[in-house]
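Each remark here refers to the structure printed beneath this line.
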Amino acid sequence: EVDGSQHLEQAEYDAERTKYFKSKGYRVLRFWNHQVMRDLDTVMRVIWEEVNK
Numbered sequence: 227e228v229d230g231s232q233h234l235e236q237a238e239y240d241a242e243r244t245k246y247f248k249s250k251g252y253r254v255l256r257f258w259n260h261q262v263m264r265d266l267d268t269v270m271r272v273i274w275e276e277v278n279k
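Quick note: to get our numbering, add 226 to the position in the sequence shown (first position is 1).
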């Protein structure tokens, strides 16, 4: 999940989505827009490490 600046309503919606995905056995990883744009290698490494747990 890539997050940017958001309003309260969006944060509440994201929290509900995260709760739903967790209830289905998924782990949600969140990254800020600037992390993806400026440091994609680190983002990809974190994702890879989580997939391989």
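All C-beta atoms, glycine included, are put in the ideal place defined by N, C-alpha and C. Remember, it's a predicted structure, so these values are computed and weren't measured experimentally.
In its own chain, leaving out the 5 sequence neighbours on each side, no residue places its CB closer than 6 Å to the CB of serine 249. Beyond the five residues adjoining it in sequence on each side, arginine 253 comes within less than 7 Å, by CB distance, of Glu276 in the same chain, given in chain order.
Counting along the chain, leucine 266 sits inside the alpha helix (DSSP H) bounded by residues 266 to 277.
The beta-carbon separation of valine 228 and valine 262, rounded to 6 Å, stays under the 8 Å limit for a contact.
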